[in-house]
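Below is one structure; the comments refer to it alone.
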Amino acid sequence: MTDKINILVLVEMDQDKASDLSLEMLGCARQLADKDDESDVVAVVFGDDFGTLGEDLISFGADEVILLESTLCHPYQADTWLPDMAAMAKETKASLILMSHNSTGGDLAPRLAFKLKCGVATSCEKITIEGAKTFLTRTCYGGKAREVLSFDNEVAIATIRPKSQTPIARDIKRCGDVKTKPLSVNKNDVRVNVIERKRIESDGPKIENASVIVAGGGGLGGPEGFEIATELADVLGGAVGASRVACDQGWCPPGYQIGLSGKTVAPELYIAIGISGASHHMAGCANAKNIVAINNDADAPMFNFSRYGAIGDYEALLPALTKQIAKLKGQ
Ligand SMILES: Cc1cc2nc3c(=O)[nH]c(=O)nc-3n(C[C@H](O)[C@H](O)[C@H](O)COP(=O)(O)OP(=O)(O)OC[C@H]3O[C@@H](n4cnc5c(N)ncnc54)[C@H](O)[C@@H]3O)c2cc1C
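Under the working numbering, the residue at position 313 of the sequence shown is numbered 819, and the numbers go up by one with no gaps.
Below is the structure:
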């Protein structure tokens, strides 16, 4: 049995709908709140064109939705979001605040914690509530161990790792309040001027949602290796991912990075080519249903995580594998 606990979820938009991670956080908040009849889940969204988002968020588990409306809300700026986020935390008497573990949550969460004089735990994978106390679980030591944190303050802030929570099924019969409020901040309060923002479009599926990912690492040796990996991904209808070494070398875009400081994925099939299997990398892909390792070192740790493995030079193995799969698929 838990005490009454109000949970505030910062919902971020992906184009004109809530991001997948926001719905995962709402699902987590709903399950926590359902343990006590009086607990509420409040979703806060910053934007200027919400469409049916408010009702959508109710159907995905919110009891109340607060839409903070201003053209200043995009792109994210701490100066524009922080004052109203802090005000909403106080107004809703939130004891737990959930934000995405991404660049926005990573920037806003510590600022909000400072403003509210409370604790923040980043990159959380699990939340439990016992009595009035919230326990937040996250990985530490580069993914080798897990730690459970709790705070003495009345409010706890957590940023949540993608794919660590499950959204609840949409129920359009769910009822709740949707309020639209003007942002309290005006243009003169914003100290940073964003000059340009680039959206990198890719042809294939988004890496976060792809059911097949072909990931390349240091063993690919250069951008040419990624061209060979991309051919396999194309045949499988999958996305291309990478280890940090490959991204740091500039062999592929930084957005490809999977791991502790990159993206978290949970595809049906993860093909790791020339990736050693360091714990920092595995922190982002260990939840894949099936891992296939291709590595020329039989002792590479990646084989310990793999259901299937091929030992050898990727340059010799990959073209043959791609050709065979294409043949089987009649391509
Ligand atoms: C705080 C912190 C955060 C980090 N975050 C991340 C993260 O988010 N993601 C991440 O990936 N890393 C991260 N790292 C780095 C991580 O520790 C490893 O250094 C990195 O994952 C290694 O990448 P790799 O396995 O691709 O490269 P390498 O260590 O260079 O391994 C290359 C592998 O390819 C194999 N190989 C070589 N040639 C061939 C060939 N011709 N054919 C087949 N196989 C071949 C080798 O046997 C080896 O196993 C982080 C590190 C720190 C300290």
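Here a beta-carbon is modelled for each residue, glycine too, at the ideal position from N, C-alpha and C.
Would you say residue i touches ligand 1, meaning its beta carbon is less than 6 Å from a heavy atom?
| i | result |
| --- | --- |
| His-898 | In the structure as shown, the chain starts at 507 and stops at 837, and residue 898 therefore has no counterpart that could be examined. |
| Leu-766 | yes |
| Ser-812 | no |
| Asp-803 | yes |
| Ala-721 | no |
| Ser-749 | yes |
| Ser-782 | yes |
| Gly-725 | yes |
| Tyr-820 | yes |
| Ala-806 | yes |
| His-787 | yes |
Report the rounded CA-to-CA distance for residue i versus residue j, giving the unit in angstroms.
| i | j | result |
| --- | --- | --- |
| Val-547 | Trp-757 | 43 Å |
| Leu-850 | Asn-608 | Summary: the structure shown does not reach residue 850, with the chain confined to residues 507 through 837, and so no result is reported for it. |
| Leu-742 | Phe-732 | 15 Å |
| Ala-735 | Gly-723 | 10 Å |
| Phe-657 | Ala-664 | 11 Å |
| Asp-805 | Arg-617 | 44 Å |
| Arg-750 | Arg-680 | 43 Å |
| Asn-512 | Ser-708 | 39 Å |
| Asp-819 | Gly-727 | 11 Å |
| Ala-638 | Gln-671 | 22 Å |
| Asp-520 | Ala-615 | 19 Å |
Less than 6 Å between C-beta atoms, sequence neighbours within five positions excluded: which residues of the same chain meet that for residue i?
| i | result |
| --- | --- |
| Met-507 | Its pLDDT being 46, under 50, Met-507 is placed unreliably by the model, and the measurement read from it follows with that caveat. Cβ within range, chain order: n/a, list empty. |
| Ser-717 | Pro-773 and Glu-774 |
| Thr-628 | Thr-665 |
Using a Cβ-Cβ cutoff of less than 7 Å, which residues in the same chain neighbour residue i once the five nearest sequence positions on both sides are dropped?
| i | result |
| --- | --- |
| Ile-831 | Val-741 and Leu-742 |
| Gly-560 | Val-571, Leu-573 and Val-684 |
| Met-594 | Leu-514, Val-550 and Ile-572 |
Kindly list the residues whose CB is nearer than 8 Å to the CB of residue i, restricted to its own chain and excluding five residues on each side of it in sequence; keep chain order.
| i | result |
| --- | --- |
| Ile-713 | Ile-719, Ala-745, Val-746, Gly-747, Gly-761, Tyr-762, Ile-764, Lys-769 and Val-771 |
Every unbroken alpha helix (DSSP H) inside the segment 759–831 [4 residues or more] = 785–788 and 808–811
- request: Go through the segment 515–583 residue by residue and report every complete run of the alpha helix (DSSP H) that reaches 4 residues or more, in order.
  value: 526–539 and 559–565
request  = Ignoring anything shorter than 4 residues or poking outside the segment 603–629, list the alpha helix (DSSP H) runs there in chain order.
outcome  = 609–622
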